[in-house]
Amino acid sequence: MESDNGDSAAQDSLPERLKPFLPQCNTYLIEKFSELPSYRTAENFNVTQFELKAYVNVDNKEEAHKWFAAFKSWSKTTMAQTRGFNVKGNRVIYRELYHCIHSNEVKKKQGNRETKRPQSARARNVNCAASLHLRIERKRLPYSHSDGHSPSSALYAHEDSLHLNASDEQELMEILADRAKNPDYDYVAKIFQQYRESALGSRNSKPMFERLKQIVEDYDDSGQGRAVLQEYNASSGSVFILCIVTNLMSRVHEKIRQSEEICYMDASAAFDPLNTSITLLYSSCAVGALPLGVLFTSDELEITLEKATILPSHAFYGRGVEVGPIVFLTDDSSAERGYMTQNTILKRKIVYSTSGPEMDVHYNEFKQKFYGYNLLRKHFELLWNRRQFWARTRLPMRGNNTNNYIERSFGMLKDIIFARTQAFNPVQIFHFITMSMERFYARRLLGIAHKHPGHLRIARRFLCPGWEKVDANLIQKTNIDFEFIAPSASNSGIFYIVNTKIGACTCPVGISGGPCKHQGAVAMKFHISTLNFIPSLTPNDRMVYGQLAENSSFYASLRAGPGFSPQDQETILSDYSDNFFNDETTEWRELNEENERNERNKETNNAEFNTLL
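Here it is as structure tokens:
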């Protein structure tokens, strides 16, 4: 019932001939199915016959007995045990042989029952040849290629496991020398060849696209997400495009407010021998970068990326695909890199200009002072002609002026999800993205929701350095909700306006929505959470991250009172997402009041928090 060589065949839908016999609650791998000549009984009934060898997702004796009972009930047959086997459990875990009660085996084992009970229809021998052989074998190689292993990595992981589990050197030598327990590379490579031919198709050409088309259709039908495929066709000029939006990515579009503000976009290749380019769409929030979509393309041309669209109607926090986010942040691969390292160049005045005229003034000052240097003048003219791409005043950049989030995401994609293994073809890349990547981000979100990284670690990460230099005594709350006045830490007499609802400040750093010392000082003085600073995880934070990971929130049920329903949970999530940390509803005000009372009871203050950090 369990294959000894892993996945020896792809999972096929059951043929119509087998559906009346095999229980539909299990998954089957059909290795061999043959129609046999029909058998005619003494009563002149025509009985069709077949031979089947298949694997079922059962891995222990108890599950085998349950499957056998379900088989007898589903197929409406009664089968008796032909013989038992002495199973040692080393390689074979379970083995049984059964026969139909109307077969000749009954007469052999129990004598001529027709003479004893001639009128018994149950005892009638019609020479039925039906038999069933159940066998569970321990996998010789538990590290499956379907999990992303190459032959080398699977063999290494298997040998490393044998090494760690050996009790002494003598046992280790015996195990490693025993090919029944430690197969050689040729055997593992042959298994991988069988797996890739049946599950992945060919490396390229038509069989690969046929297999990819089939798994894309199955993925769409499964309800786990959406995928759209455009096959490569040299004659018609069609490029290869595969767009994927998993359910987790769709929920990030819907629940994470930052997805409407900024979207990071970058591409990388060399994931498979065909050099397929993978383009990632990401947004960022308190837990880091979260995926919005993945594109596979045969090139990175603009026309190709324009065709690659599959985002949901609620994309970018409801702004939609046509409008898109406020900012797309990408690498400028065609631009020259770096500025001159001379400290006397006051380039920050140009970059931090608050308006176009102010930037022109600083630009003219720069020309008069430094345009005597020909190389510098040429370099800066190239940058100035493209100023609409790097002058970002009033855009909600949240302090992100480089693509570090998505660069790190590519690192995790290659190191953790792909495990530094090159995929065989785009079919295997699809498996990595839709299964391994989905599980990785789900566990990451649940880890934050469960406080596994630690709330103090999160607080330390999201407190901007220098907030303690701001004079807290001069911070005042204005008459406008969520708005505060904070003094400059370096220039006395200068004050900035901080808005905790949108997470912005009028200082040069915080004007684009990035974290600054003034927002941090306000958050610490008034013990409030803002868009950029999270001194502690609130119940709503944990509820939303749990919702993103599994489409259901364990924490919402903990806060629920009598009569709480899933519709109530969706309402809470919607209210929270619309207003993030601040909501004007009565329920939210009551929750804030309760939290404030709890904080007063705990008698927490800035000094204690600083000590912990």
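For the sequence shown, position 242 (counting from the first letter as 1) is numbered 242 according to UniProt numbering, and the numbering increases by one without interruption. Built from N, CA and C at the ideal position, the CB exists for glycine as well. Since the model is a prediction, treat every value here as computed from it, not as a measurement.
Asked: Name the DSSP bridge partner or partners of Tyr282?; Found: Tyr264 and Pro291
Asked: So for residue 617, helix, strand or coil by DSSP?; Found: In the structure as shown, the chain starts at 1 and stops at 613, and residue 617 therefore has no counterpart that could be examined.
Asked: Based on the DSSP secondary-structure assignment, which residues constitute the bridge partners of Asn233?; Found: Ser238
Asked: For Ile502, tell me which candidate among Lys378, Arg257 and Ile326 has the shortest Cα-Cα distance.; Found: Arg257
Asked: Please classify Ser222 as buried or exposed, where buried requires at least 16 other C-beta atoms within 10 Å of its C-beta.; Found: exposed
Asked: In terms of residues, what are the limits of the alpha helix (DSSP H) holding Tyr98?; Found: From DSSP, Tyr98 is part of no alpha helix (DSSP H) but of the beta strand (DSSP E) over Val92 to Cys100.
Asked: Buried or exposed: where does Ala227 fall if 16 or more other Cβ atoms within 10 Å of its Cβ makes it buried?; Found: buried
Asked: Would you list, in sequence order, the uninterrupted alpha helix (DSSP H) runs of no fewer than 4 residues that lie entirely inside the region 176-211?; Found: 185-195
Asked: Residue range of the beta strand (DSSP E) that residue 670 falls in?; Found: The requested residue 670 does not occur in the structure, where the chain is confined to residues 1 to 613.
Asked: Report whether the distance from the Cβ of Arg377 to the nearest heavy atom of the ligand SAM is below 8 Å.; Found: Annotation note on the ligand SAM: not contained in the displayed structure, which lists no ligands.
Asked: Where Met249 and Leu172 are concerned, what is the direct C-alpha to C-alpha distance, given to the nearest angstrom?; Found: 46 Å
Asked: For Asn404, report the span of its beta strand (DSSP E) as first-last.; Found: Segment Asn404 to Met412 is the alpha helix (DSSP H) holding Asn404; no beta strand (DSSP E) there.
Asked: Ala486 lies in the beta strand (DSSP E); which residues open and close that run?; Found: Glu483 to Pro487
Asked: According to DSSP, what are the bridge partners of Tyr496?; Found: Ala486
Asked: Give me the Cβ distance between Leu292 and Ser283, rounded to the nearest whole Å; I'm assuming they're in contact under 8 Å.; Found: 6 Å
Asked: From the DSSP secondary-structure annotation, give me the bridge partner or partners of Arg17.; Found: In DSSP, Arg17 forms no bridge with anything.
Asked: If I'm right that Asn275 touches Ala267 with Cβ under 8 Å, what's the distance once you round it to whole angstroms?; Found: Contact doesn't hold; Cβ gap of about 12 Å is too wide.
Asked: Pull up the distance between the alpha-carbon of Glu197 and that of Arg319, whole angstroms please.; Found: 43 Å
Asked: Glu260 and Phe328: beta carbons closer than 9 Å?; Found: no
Asked: So Thr434 packs on Ile244, CB below 8 Å; how close in whole Å?; Found: 7 Å
Asked: When the distance is taken between beta carbons, is Arg95 closer than 9 Å to residue 621?; Found: This structure gives no information on residue 621, because the portion of the chain shown stretches from 1 to 613.
Asked: From Lys525 to Gln547, what does the alpha carbon distance come to, in whole angstroms?; Found: 31 Å
Asked: Which residues bound the beta strand (DSSP E) around Lys255?; Found: Note, Lys255: premise wrong, no beta strand (DSSP E); alpha helix (DSSP H) at Asn247 to Lys255.
Asked: If we call anything under 9 Å between Cβ atoms a contact, is Ile191 one with Pro151?; Found: yes
Asked: Sort Ala289, Leu474 and Tyr156 by Cα distance to Leu445 and report the nearest one.; Found: Ala289
Asked: I'd like the span of the beta strand (DSSP E) that includes Glu31, first residue to last.; Found: Tyr28 to Arg40
Asked: Is there a C-beta anywhere in chain C that falls below 9 Å from the one on Ser222?; Found: Among the protein chains of the structure shown there is no chain C, as only one such chain exists.
Asked: Please look up how many angstroms separate the CB atoms of Tyr185 and Leu155, rounded, as I've assumed it's under 8 Å.; Found: 6 Å
Asked: Tell me which residues share the same chain as Tyr545 and place their Cβ nearer than 8 Å to its Cβ, disregarding the 5 neighbours each side in the sequence.; Found: Val287, Leu445, Leu446, Ile448 and Ala449
Asked: Is the separation between the beta-carbon of Leu18 and that of Leu52 shorter than 9 Å?; Found: yes
Asked: Since Phe440 contacts Ile416 with CB under 8 Å, what's their CB separation in whole angstroms?; Found: 6 Å
Asked: Per DSSP, what kind of secondary structure is Ile310 in: helix, strand or coil?; Found: coil
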